[in-house]
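Chains as they are written, first to last, in the numbering used here: chain Z, 214 to 410; chain F, 214 to 410.
Here the structure comes first, spelled out in structure tokens, and everything after it is commentary.
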DNA sequence: ATAGCCATGTAACCAGTTACATGATTGA
DNA sequence: TCAATCATGTAACTGGTTACATGGCTAT
């Protein structure tokens, strides 16, 4: 499992409560890892049992008490070990693509609704990400290694959203106007790049 | 769950055994849905219990006996109902991106190995997909609605692989030469496209 | 009043992976 | 002889979702 390790990465960067972590999973690291608060709390408990994290109880007036977690030395070395391990391919299972594949069996109107809903969501995400990008671009050459890494993951997020938008737009065109894209997805120039493996 | 429905889609297209299905999940529909044979056999049993599929036993000499499954009328209407239902967002969890995000904590050599392994896999997939594409392009305007839908899902697969390749190449450049991409991911022209929501 | 944020959790369930199990045929 | 293909499954486990549960504070 990697949720354990994703949490360790976050705590290595900055300690915090389960609640803090669940917020952070919705922002930066949410480009490529998601977790619900239920999962996070259970995982933190396991991590604490394994001594990979430690916490102190912070009592607060005005707000509920909270547990402030930080990574331990053991956690750091577990994280480092995990970083060296080979990484499995993640599978991609998309129910929406299954529906598109079987679109001829569906009511076109109902499918279009679903496409539009998703299109709006991906456009919103993309706008958000493009907004984040200026942070890195303004700094130009002066990006640290850490920042550069994070910028690359953001670029991945941007590409991901952009792809979905293109796919959904092409699907809309097909369903509303019956037109299919005629050009190959990749042109000769880019194809050269593949072959130079 | 959608594995049920993915199976129904496949059986609607063409009946077959569990083994056949597991092969088909590795090919065409594998662009966007994956399933292991263990999952498939268990799911087929449930589908048969629910009367969404039917099967006959085919005894074979020379080869093991098999169960030939086909979709039932009830299965067809369950499938149709599912196609109208709203579709949940799939979450994207990528351990490799988590590792990249935390690359400064890792041994660069070990990480590079992982990147290269993935890069090779994505390049191989891309070549495979680009090969499939000619099937659709040769037919030009003459694509049926069904074929056009399938072509769109293939295009999605091509984009997906291409993205990973770009991301992994940028990461290699960062890890080996310390260079970060300077240009914004999307230029102004394409950005207009986003805003015209 | 009503919703949203802060803050934590449990329990039941569903989905997916890994390990184990069998056994014949075909091609290198 | 070894690996691959055909063909089916069970069992244990891990990971993730949904539903349920509590409760004060702040802003509209």
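We put the CB at the ideal spot given by N, CA and C, even for glycine.
Just so it is clear, the structure is predicted and the values come from calculations on it, not from any experiment.
Name the chain F residues whose beta carbon is nearer than 8 Å to that of residue 245 of chain Z? Indexing the first chain from 1 puts residue 245 of chain Z at position 32. Result: 305, 306, 307, 310, 311 and 314.
Find the nearest neighbour of residue 393 of chain F within the set Z:227, Z:366 and Z:276, judged by alpha-carbon distance. To locate residue 393 of chain F, count along the second chain from 1; it is residue 180. Looking at the Cα atoms, Z:366 is the closest of the given residues.
If we count the other Cβ atoms within 10 Å of its Cβ and call it buried at 16 or more, is residue 270 of chain F buried or exposed? For this step, residue 270 of chain F is matched to residue 57 along the second chain. Residue 270 of chain F comes out exposed.
Using 8 Å as the threshold, is the C-beta distance between residue 371 of chain F and residue 399 of chain Z below it? Mapped onto the second chain, residue 371 of chain F falls at position 158. Mapped onto the first chain, residue 399 of chain Z falls at position 186. Going by C-beta atoms, residue 371 of chain F is nearer than 8 Å to residue 399 of chain Z.
Of the residues that make up the region 328 to 348 of chain Z, which ones have a beta carbon closer than 9 Å to any beta carbon in chain F? 330, 331, 332, 333, 334, 336, 337, 339, 340, 342, 343, 346 and 347
Residue nearest to residue 310 of chain F in terms of C-alpha spacing, selected from Z:301, Z:306, Z:266 and Z:389: Position 97 of the second chain, counted from the first residue, corresponds to residue 310 of chain F. Nearest option by C-alpha distance: Z:301.
Just the Cα atoms here: how many angstroms apart are residue 287 of chain F and residue 294 of chain F? Within the second chain, numbered from 1, the residue matching residue 287 of chain F stands at position 74. Within the second chain, numbered from 1, the residue matching residue 294 of chain F stands at position 81. If I take the Cα positions, the gap works out to 11 Å.
Are the region 381 to 391 of chain F and the region 314 to 332 of chain F in contact at 8 Å, needing three or more beta carbon pairs? yes
Got a sec? Which residues, its chain only, sit under 8 Å from residue 214 of chain F by beta carbon, not counting five neighbours each side? Locating residue 214 of chain F in the second chain gives position 1, counting from the first residue. Correct list: empty, nothing qualifies.
Rounded to whole angstroms, what is the Cα-Cα separation between residue 265 of chain Z and residue 234 of chain Z? In the first chain, counting from the first residue as 1, residue 265 of chain Z sits at position 52. In the first chain, counting from the first residue as 1, residue 234 of chain Z sits at position 21. For residue 265 of chain Z and residue 234 of chain Z, the distance between alpha carbons rounds to 16 Å.
Can you tell which of Z:356, Z:362, Z:312 and Z:344 has the C-alpha that lies nearest to the C-alpha of residue 321 of chain F? In the second chain, counting from the first residue as 1, residue 321 of chain F sits at position 108. Looking at the Cα atoms, Z:362 is the closest of the given residues.
Give me the chain F residues within the contact set of residue 222 of chain Z, using Cβ-Cβ distance strictly less than 9 Å, ordered along the chain. Here residue 222 of chain Z refers to the residue found at position 9 of the first chain. Those within 9 Å of residue 222 of chain Z in chain F are 311, 312, 314, 315 and 318.
Residue 219 of chain F: contacting residues in chain Z (beta-carbon distance under 7 Å): Sequence index remark: in the second chain, residue 219 of chain F carries index 6 (1-based). Residues of chain Z passing the Cβ test: 311.
With three or more beta-carbon pairs closer than 8 Å as the criterion, would you say the region 277 to 284 of chain Z touches the region 218 to 230 of chain Z? yes
Going along the chain, which residues of its own chain have a beta-carbon closer than 8 Å to the beta-carbon of residue 337 of chain Z, five neighbours each way excluded? Here residue 337 of chain Z is taken as the residue at index 124 of the first chain, counted from 1. Excluding positions up to five away in sequence, the list is empty.
Residue 272 of chain F versus residue 278 of chain F - alpha carbon distance: In the second chain, residue 272 of chain F corresponds to position 59, counting from 1. In the second chain, residue 278 of chain F corresponds to position 65, counting from 1. Each residue's alpha carbon lies about 4 Å from the other.
Looking at the structure shown, is residue 346 of chain F part of a helix, part of a strand, or coil, going by DSSP? Taking the first residue of the second chain as position 1, residue 346 of chain F is located at position 133. Three-state result, residue 346 of chain F: helix.
Verify the CB distance criterion: does residue 242 of chain F have a CB-CB separation below 8 Å to chain Z? Here residue 242 of chain F refers to the residue found at position 29 of the second chain. For residue 242 of chain F, the answer is yes, since a Cβ of chain Z falls inside 8 Å of its Cβ.
Less than 8 Å between CB atoms is the rule here; does residue 373 of chain F satisfy it with respect to chain Z? Position 160 of the second chain, counted from the start, is the residue given in the question as residue 373 of chain F. Yes, its Cβ sits closer than 8 Å to a Cβ of chain Z.
For chain F, check one thing: does any of its Cβ atoms lie closer than 8 Å to the Cβ of residue 324 of chain Z? Numbered from 1 along the first chain, position 111 holds the residue referred to as residue 324 of chain Z. Yes, residue 324 of chain Z lies at the interface with chain F (some Cβ there is under 8 Å from its Cβ).
Distance cutoff 8 Å, beta carbons only. Does residue 383 of chain Z sit that close to anything in chain F? What you label residue 383 of chain Z is simply residue 170 of the first chain in a count that begins at 1. True, the Cβ-Cβ gap to chain F drops below 8 Å.
Candidates Z:240, Z:247 and Z:312: closest to residue 359 of chain F by CA position: Here residue 359 of chain F is taken as the residue at index 146 of the second chain, counted from 1. Of Z:240, Z:247 and Z:312, the residue nearest in Cα terms is Z:312.
Using a Cβ-Cβ cutoff of less than 8 Å, which residues in the same chain neighbour residue 254 of chain F once the five nearest sequence positions on both sides are dropped? By one-based count along the second chain, residue 254 of chain F stands at place 41. Cβ within range, chain order: 231.
Report the CB separation of residue 242 of chain F from residue 314 of chain Z in whole angstroms; it is logged as a contact under 8 Å. Translated into the one-based positions of the second chain, residue 242 of chain F becomes position 29. Translated into the one-based positions of the first chain, residue 314 of chain Z becomes position 101. Confirmed, Cβ separation roughly 7 Å.
Within the region 266 to 335 of chain F, ranges of the alpha helix (DSSP H) (whole runs, at least 4 residues): 286 to 297 and 308 to 314
Which residue comes first and which comes last in the alpha helix (DSSP H) that contains residue 227 of chain F? Locating residue 227 of chain F in the second chain gives position 14, where the first residue counts as 1. It is not in any alpha helix (DSSP H) - residue 227 of chain F carries neither H nor E in the DSSP assignment.
Per-residue burial, residue 217 of chain Z [other beta carbons within 10 Å of its own, 16 or more giving buried]: The residue labelled residue 217 of chain Z in the question sits at position 4 within the first chain. Label assigned to residue 217 of chain Z: buried.
Three-state secondary structure (DSSP) of residue 410 of chain F: For the purposes of this step, residue 410 of chain F is identified with residue 197 of the second chain, where counting begins at 1. Because residue 410 of chain F carries a pLDDT of 46, less than 50, the predicted location of this residue cannot be relied on, and the following value inherits that uncertainty. The answer is coil: DSSP assigns residue 410 of chain F none of H, G, I, E or B.
Which same chain residues end up closer than 6 Å to residue 349 of chain Z when comparing Cβ atoms and leaving out the 5 residues on each side of it in sequence? What you label residue 349 of chain Z is simply residue 136 of the first chain in a count that begins at 1. Closer than 6 Å at Cβ, skipping near neighbours: 364.
What residues of chain F sit near residue 236 of chain Z, judged by a beta carbon separation below 7 Å? On the first chain, residue 236 of chain Z is found 23 positions in, with the first residue counted as 1. Near residue 236 of chain Z there are no residues of chain F at all, since even the closest Cβ is about 17 Å away, more than 7 Å.
Residue range of the unbroken alpha helix (DSSP H) whose run includes residue 375 of chain Z: Position 162 of the first chain, counted from the start, is the residue given in the question as residue 375 of chain Z. Here the alpha helix (DSSP H) through residue 375 of chain Z covers 358 to 390.
Taking the beta carbon of residue 383 of chain Z as the centre, do at least 16 other beta carbons fall within 10 Å, making it buried, or is it exposed? Working through the first chain from its first residue, we reach residue 383 of chain Z at position 170. By the neighbour-count rule (16 or more Cβ atoms within 10 Å), residue 383 of chain Z is buried.
Quick one, which of F:252, F:347 and F:260 has its alpha-carbon nearest residue 291 of chain F's? One-based indexing of the second chain puts residue 291 of chain F at position 78. Comparing Cα positions, the closest option is F:260.
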